């Protein structure tokens, strides 16, 4: 493992989704896309049986790239096309907005046709004739690029009636969201698309594959997930499954932000690189020669991991037997399962790095401000709890902490997680739980008794 | 079936639902499949606390107060439930709590309503709900009916750990002609929003802002004008929505509650009359799944105000050349009886209100029979027509038209023109107006002047009263017992909530005295007695008893409907 300042080793990066995105001279225009082999997989897919495409996606082991990591083929398989008599919708979730996550934006801005091609193939596989790209309201530029790309695709009959003479009809529309985190939650997105306030739906019974948009079967997939479908069609499910490790197939885009020398987005095969390699070899190590203090591995809602921690990870060895190994944070291979086994999650792939100068109470206050602002307010615990936690942290960072505050924060977070309609409850409480648990001494140092506060003020 | 169609009936499983065994707090019980878990618990005397759940509204699942611990049948390797010696499945309990409002009974469902996990959830939700709530119970007019207050006692921690500044939201927001909103108190259960959308058909309420700043709002430039708006104050679990009419008028725990029915139209919504010291303060809907379910219209709810009008007639009186002169009941009723007896039967007519009870109408009928009977004596009721709204409001604004028809007193004013004609021709010289204004019914004032005997019995001064020779102050619906037949043919009871003011008396009392003064036989001294006599005499009421009507009423026998 390279240390701070070492030369990055980008050669192991395996760009599939971002293959062309940063190529010099590559533009979002359709001509450019076609010159680079665009829409060839669409032609191939349209000649296939839709069920065969679903089978290939299942065989590929593709897991959703939006955060939850649910197997895409399994999700698609929930719709029983033999019995279904309602229209099927495909929704692309482009509402990326969690702090630390900025991977989908690159695809939308730089290679929109890849997404469109992936969506057309996915729609065809799922018998959908209408699809929407739900894009975050603030991404105005992305929406314009997509609109233009869709118009280009329509002009070339990749969209519309009788696509490329196959008899298959599909249209895709861009829907600009209202700009709320909750609009990216699967069912909140559907509600928003239906013109309502984006309140998540109670599950069960409203699993979107059964009752989604307009109570019709609906597939909701992330931008990166849908792009992957094109490549699965290109290389075949079995070949795709060979990329990465079992259960973590294909590549993943990791976006690194925070206190590293070279933040950015990088695409690697599942489990092909360790956290340490990503931080030190690829991102050039911690900024200003500082030490790593903590990192959040999967978007700001994931639990924080502290430098120096050692995890006991249960995993299958080469012979297929379960074994338990000890791993340091830097040795964690970047895949869904190992990061989950470390007590956090790879989520959306947004890695937020904090160096030793960071005040963890300030960091958590910053995150809590986001979650308190973005809670939709539907469920009591999240609505009241997120704001309460934020106020406690604000007070602590303002020098008015109390000895009981760290425990209060843990209690409040515990009263939210697992008790709300959607996962936002966990999203806002997991950072609090993990920050306080892992950096308790910092929270306690800010949580001093009133008399002591008075004494401190008097001495300054 | 209720006369109003509820979009949801979570408390009423389909009639053909099969019975299933569920495990409720340690015991296996049998309930209909598909029944809501809150209702399952309720059937066995257990309360699963809830705010956003209402049996007649869609499920929103947002308050999280009804979290319970849920068990599922444990499956064996063959994917079939593992059963114990008694044939019940072994349960495995889910680590996460579930909401009872969105869970329905299925075979082998496990329900724990008071485990450690459940209690922790309930305490947690209460702490959150109270964090930003203004806790202004002493000045909030929902005290006594506030679920936040009640559950704070039952499930709260007892003290607050919230030391931050509370979120301030708008106070006293005027959202409609009859409803005020205090946003600070709102716990965002969205019951009112769902009611306005799903039942009232007036989708004007919604939530604005985000997270802890969420607040209930009315759509810009809209007002909550629905004729059903006051129901939202009933279903609001806290003091966020209050009725302009009732707020700060009376603490609810001081009110005497009397089960009665609304007399504002032919629907006959079941109501609770809230009164104190002879004054009615409010009417609230009383649940009757055969009539009004949980609801009633604003118009009916506010229809009690005239009973405390300053125009109320309080003393029986006779008119002489100097005007009305109060007298003793016995004396005046004797005079009226004498005057009626002197008239030829064919020159007497009764203008009767279809707002009278069956018992009163039966006494009118007895009086008519005693004086000469049909067809010599003309009786008719005055119709009141409104517009049906497809919900509860009926186009017939008389509450007992069917009773009047069954008892042969009148039929929607068909004979009103005949009455007028007979007075014009001088064939009718004695008119007895019972809770009706003959002038408003279409008889010109000067025509009334031609009558030699004009008796008026009612509660509020009107044109006829001003002309009447005898004025007999009667009672309002809140001041008497009796029964009425609603538009669907359901016989329901009115119950006396307050005493009649002044020297006014119940109409049945007046009519009975008159009947006795004319030499008639004793019809019964109380409503149950008169009802029994009526049920024995009138075929349509055969088989019905006063006690049998109960609080929910009974349908007329099939042949009478």
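Protein chains in written order, with the numbering used here: chain W, 2 to 461; chain L, 441 to 1001.
Built from N, CA and C at the ideal position, the CB exists for glycine as well.
Note that the coordinates shown come from a computational prediction; the quantities given were computed from them, not determined experimentally.
One or two residues paired with residue i in a DSSP bridge
{"i": "residue 725 of chain L", "result": "L:711"}
{"i": "residue 133 of chain W", "result": "W:92, W:174"}
{"i": "residue 472 of chain L", "result": "L:459"}
{"i": "residue 186 of chain W", "result": "Beta-bridge pairing links residue 186 of chain W to no other residue."}
{"i": "residue 446 of chain W", "result": "Answer is none; residue 446 of chain W lacks a bridge partner."}
{"i": "residue 825 of chain L", "result": "L:836"}
{"i": "residue 716 of chain L", "result": "L:719"}
{"i": "residue 257 of chain W", "result": "W:265, W:352"}
{"i": "residue 314 of chain W", "result": "W:326"}
{"i": "residue 276 of chain W", "result": "Answer is none; residue 276 of chain W lacks a bridge partner."}
{"i": "residue 439 of chain W", "result": "Paired residue(s): none; residue 439 of chain W is not in a bridge."}
Under 7 Å from the C-beta of residue i: neighbouring residues of chain W
{"i": "residue 561 of chain L", "result": "420"}
{"i": "residue 601 of chain L", "result": "409"}
{"i": "residue 488 of chain L", "result": "In chain order: nothing, as chain W lies at least about 15 Å away."}
{"i": "residue 572 of chain L", "result": "385"}
Under 9 Å by beta carbon: chain L residues contacting residue i
{"i": "residue 117 of chain W", "result": "Near residue 117 of chain W there are no residues of chain L at all, since even the closest Cβ is about 32 Å away, more than 9 Å."}
{"i": "residue 424 of chain W", "result": "Under the 9 Å cutoff, chain L gives no residues; its nearest Cβ is about 12 Å from residue 424 of chain W."}
{"i": "residue 416 of chain W", "result": "560, 561, 563, 564, 565, 567, 568"}
Cutoff 7 Å; reference residue i; Cβ partners in own chain excluding five residues on either side
{"i": "residue 442 of chain L", "result": "729, 730, 731, 732, 733"}
{"i": "residue 508 of chain L", "result": "477, 488, 537, 538, 540, 551, 552, 553, 558"}
{"i": "residue 3 of chain W", "result": "Bear in mind that the predicted position of residue 3 of chain W carries a pLDDT of just 36, short of 50, making it unreliable; the figure below should be weighed with that in mind. Taken in chain order, the residues that qualify are 281, 282."}
{"i": "residue 996 of chain L", "result": "925, 929, 931, 980"}
{"i": "residue 776 of chain L", "result": "895, 910, 954"}
{"i": "residue 428 of chain W", "result": "302, 372"}
{"i": "residue 227 of chain W", "result": "93, 116, 119, 120, 123"}
Expected contact under 8 Å - CB spacing of residue i and residue j to nearest Å
{"i": "residue 293 of chain W", "j": "residue 308 of chain W", "result": "4 Å"}
{"i": "residue 199 of chain W", "j": "residue 217 of chain W", "result": "So it is not a contact: roughly 18 Å between Cβ atoms."}
{"i": "residue 255 of chain W", "j": "residue 269 of chain W", "result": "7 Å"}
{"i": "residue 627 of chain L", "j": "residue 588 of chain L", "result": "6 Å"}
{"i": "residue 699 of chain L", "j": "residue 885 of chain L", "result": "Not a contact, Cβ separation roughly 40 Å."}
{"i": "residue 193 of chain W", "j": "residue 180 of chain W", "result": "Not a contact, Cβ separation roughly 10 Å."}
{"i": "residue 233 of chain W", "j": "residue 209 of chain W", "result": "Actually they do not touch by this definition, with Cβ atoms about 22 Å apart."}
Other residues of its chain near residue i: CB distance less than 6 Å, five sequence neighbours each side excluded
{"i": "residue 101 of chain W", "result": "258, 300, 301, 351, 353"}
{"i": "residue 154 of chain W", "result": "117, 160"}
{"i": "residue 852 of chain L", "result": "823"}
{"i": "residue 423 of chain W", "result": "186, 201"}
{"i": "residue 451 of chain L", "result": "479, 495"}
{"i": "residue 174 of chain W", "result": "133"}
{"i": "residue 449 of chain W", "result": "none"}
Cutoff 8 Å; reference residue i; Cβ partners in own chain excluding five residues on either side
{"i": "residue 7 of chain W", "result": "For residue 7 of chain W, the predicted structure reports a pLDDT of 40, less than 50, and the residue's modelled location is therefore unreliable. The matter cannot be settled from this model."}
{"i": "residue 634 of chain L", "result": "494, 497, 498, 500"}
{"i": "residue 438 of chain W", "result": "411"}
{"i": "residue 825 of chain L", "result": "835, 836, 837"}
{"i": "residue 15 of chain W", "result": "244, 252, 268, 269, 270, 273"}
Residue i: contacting residues in chain L (beta-carbon distance under 7 Å)
{"i": "residue 373 of chain W", "result": "651, 652"}
Contact set between residue i and chain W, taken where Cβ atoms lie within less than 8 Å
{"i": "residue 876 of chain L", "result": "Neighbours of residue 876 of chain L on chain W: none; closest Cβ ~51 Å, over 8 Å."}
{"i": "residue 507 of chain L", "result": "420"}
Closer than 9 Å at the beta carbon, the chain W residues around residue i
{"i": "residue 596 of chain L", "result": "Neighbours of residue 596 of chain L on chain W: none; closest Cβ ~13 Å, over 9 Å."}
Within chain L, the residues that residue i reaches when beta carbons sit closer than 8 Å
{"i": "residue 384 of chain W", "result": "568, 628, 651, 652, 654"}
*Any chance the stretch 968-977 of chain L sits against the stretch 801-809 of chain L, with 3 or more Cβ pairs inside 8 Å?*
yes
_For the stretch 592-607 of chain L against the stretch 638-651 of chain L, do three or more pairs of beta-carbon atoms, one drawn from each stretch, fall closer than 8 Å, so that the two count as touching?_
Judged by Cβ distances under 8 Å, the stretch 592-607 of chain L makes no contact with the stretch 638-651 of chain L, as fewer than three pairs qualify.
*If you pair each beta-carbon of the stretch 779-798 of chain L with each one of the stretch 807-823 of chain L, do three or more pairs fall below 8 Å?*
yes
*asked:* Under 8 Å: do the stretch 130-143 of chain W and the stretch 334-346 of chain W share three or more Cβ pairs, one atom per stretch?
replied: no
*Counting Cβ pairs, one atom from each stretch, are 3 or more of them under 8 Å apart for the stretch 923-933 of chain L and the stretch 772-785 of chain L?*
With the cut-off at 8 Å, the stretch 923-933 of chain L and the stretch 772-785 of chain L do not touch.
*the stretch 391-411 of chain W / the stretch 361-379 of chain W touching (three or more Cβ pairs under 8 Å)*: yes
*Counting Cβ pairs, one atom from each stretch, are 3 or more of them under 8 Å apart for the stretch 656-669 of chain L and the stretch 515-528 of chain L?*
no
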